[in-house]
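Using our numbering, read the sequence shown as starting at 520 and increasing by one per residue. Below is one structure, written out as structure tokens; the observations come after it.
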Amino acid sequence: MKLPTVKDLPVKEKRVLLRTNYDVPLKKIQNPIRLLADKIQNWVVEDETRIEESLETIKYLLENGAKIIAISHLGRPEGRKVSELSLEPVAKLISNFQFPNSNKIPISNFQTGKFSGWRVSENLILLENLRFWCGEEENNLEFAKELASLADFYVNEAFACSHRKHASIVGVPKFFPPQNRAFGFDFLKEIEVLSRIREKPTRPVVLLLGGTKEDKITYAQKLVTWADWILVGGKLIEYDSIPQIAKHPKILADLIKSGQDITMEAVEKFKEIIFKAKTIVWAGPMGNFYDKRYERGTKEIAQAVVESGAFSVVGGGDTEVALTRFGFDKKISFISSGGGAMLEFLAEGTLPGIEAFKN
520 MKLPTVKDLP VKEKRVLLRT NYDVPLKKIQ NPIRLLADKI QNWVVEDETR IEESLETIKY
580 LLENGAKIIA ISHLGRPEGR KVSELSLEPV AKLISNFQFP NSNKIPISNF QTGKFSGWRV
640 SENLILLENL RFWCGEEENN LEFAKELASL ADFYVNEAFA CSHRKHASIV GVPKFFPPQN
700 RAFGFDFLKE IEVLSRIREK PTRPVVLLLG GTKEDKITYA QKLVTWADWI LVGGKLIEYD
760 SIPQIAKHPK ILADLIKSGQ DITMEAVEKF KEIIFKAKTI VWAGPMGNFY DKRYERGTKE
820 IAQAVVESGA FSVVGGGDTE VALTRFGFDK KISFISSGGG AMLEFLAEGT LPGIEAFKN
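Encoded structure:
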């Protein structure tokens, strides 16, 4: 798949609207200086991975003289301003980075029309959480037009969000001519890897599905002709449609113990198939690994994936957290930034965020 790259854009002294994926986990820390006075708590970024994924594109744009307006969502505020879901902690973190052609300055508030945010570097601005406006998730074209009016070029560096038909993903590109829109480096790397295993995978292919999101069942149905085996765990097996699709000879689904983890019998069945695989795609943990009492299933499956020697692709925030927790994250062939987007691309060969560039 040939997609326009950020390298195609003449961005010198131009404004670039950069759609990033800064939907990062936050944690509270207490301010020790004022703790006794008013127990103020501050939010900080707990995991910087998604921010790091955008840095190559940001640095390239700044090196080439662009002025960047970065946009993102965080969580699900549903069109309301929720202080706990502000992108300010992300802005504060980014303001500590040193960027090319952009002098380091104290972080300051920024306002343009209805949009507020922060100037985090001389030529880099981060706007507040897009989902504070209803127009983002509703894909309101007037909202998209207002966003687009802020810049001369549009760059999508949010692969993990590009399966969603939201304004910043599918609406905004409509207001830029084809030659003024492109994809970032991380997005293009995702498409390169996923296209390769979609079109010419080394077989057998094993698809591991877990977690809680019911749409994975739909993806299982769509990918059953592509995969050699589909192994289903996590909360997915509690949905009503599972018994029906589990009748398919390629699909193995097993009940979870106490609603929290797959059984050891299921682990052994899954491992037997995993060790035969040459390509493994995994989206969603096998159980509630956040509770140590129920981490065994996910941990043993993760270890089996690593020990199989297969080319492994893992997608989704919870799955990545589990791999990191168990020390396997550096042993996976490729970690995709989005589970849902990864599965949709494998199933359809495209994404709404890609299709938006064709109009």
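All residues carry an ideal CB built from backbone N, CA and C; glycine is no exception. These numbers come from a predicted model, not from an experiment.
Straight-line gap, residue i to residue j (C-alpha atoms, nearest Å)
i, j, result
"glutamate 655", "alanine 663", "8 Å"
"glutamate 571", "phenylalanine 618", "13 Å"
"threonine 721", "glutamate 791", "18 Å"
"glutamate 733", "glutamine 698", "38 Å"
"leucine 755", "isoleucine 736", "7 Å"
"glutamate 582", "arginine 534", "13 Å"
"leucine 646", "glycine 872", "20 Å"
"serine 913", "leucine 870", "The chain is shown only over 520 to 878; residue 913 falls outside these bounds and no answer can be derived."
"valine 564", "leucine 545", "5 Å"
"leucine 742", "leucine 750", "12 Å"
"leucine 660", "cysteine 680", "18 Å"
"glutamate 839", "asparagine 628", "33 Å"
"leucine 727", "glycine 857", "15 Å"
"aspartate 780", "alanine 772", "13 Å"
"proline 596", "arginine 650", "6 Å"
"isoleucine 770", "isoleucine 851", "23 Å"
Best match in the options for proximity to residue i [C-alpha to C-alpha]
i, options, result
"glutamate 787", "Lys611, Thr568 and Lys818", "Lys818"
"alanine 821", "Gly803, Leu842 and Ala802", "Leu842"
"threonine 744", "Ala866, Ser614 and Asn615", "Ala866"
"alanine 746", "Pro723, Leu660 and Gly753", "Pro723"
"lysine 877", "Leu649, Val691, Arg650 and Asp705", "Val691"
"arginine 844", "Asp810, Ser856, Ser852 and Glu874", "Asp810"
"aspartate 705", "Lys531, Pro768, Ala875 and Leu537", "Leu537"
"glycine 753", "Asn615, Pro768, Gly594 and Gly816", "Gly816"
"tryptophan 652", "Lys531, Phe694 and His592", "His592"
"glutamate 665", "Ser635, Asn675, Glu676 and Glu575", "Ser635"
Residue i, buried or exposed, once every other Cβ within 10 Å from all chains shown has been counted against 16
i, result
"proline 625", "exposed"
"arginine 683", "buried"
"glutamate 718", "exposed"
"glutamate 826", "exposed"
"aspartate 542", "buried"
"glycine 806", "buried"
"glycine 868", "exposed"
Task: Stretch pair the stretch 668-688 + the stretch 578-592: three plus CB contacts closer than 8 Å - done: yes
Open item on the list: With three or more C-beta pairs closer than 8 Å as the rule, is the stretch 596-609 touching the stretch 676-696?
Closed with: no
Open item on the list: Below 8 Å, how does it come out for the stretch 827-835 and the stretch 622-641: are there three or more Cβ pairs, yes or no?
Closed with: no
Task: Contained alpha helix (DSSP H) runs [length at least 4] in the stretch 763-816, N- to C-terminal order - done: 783-793
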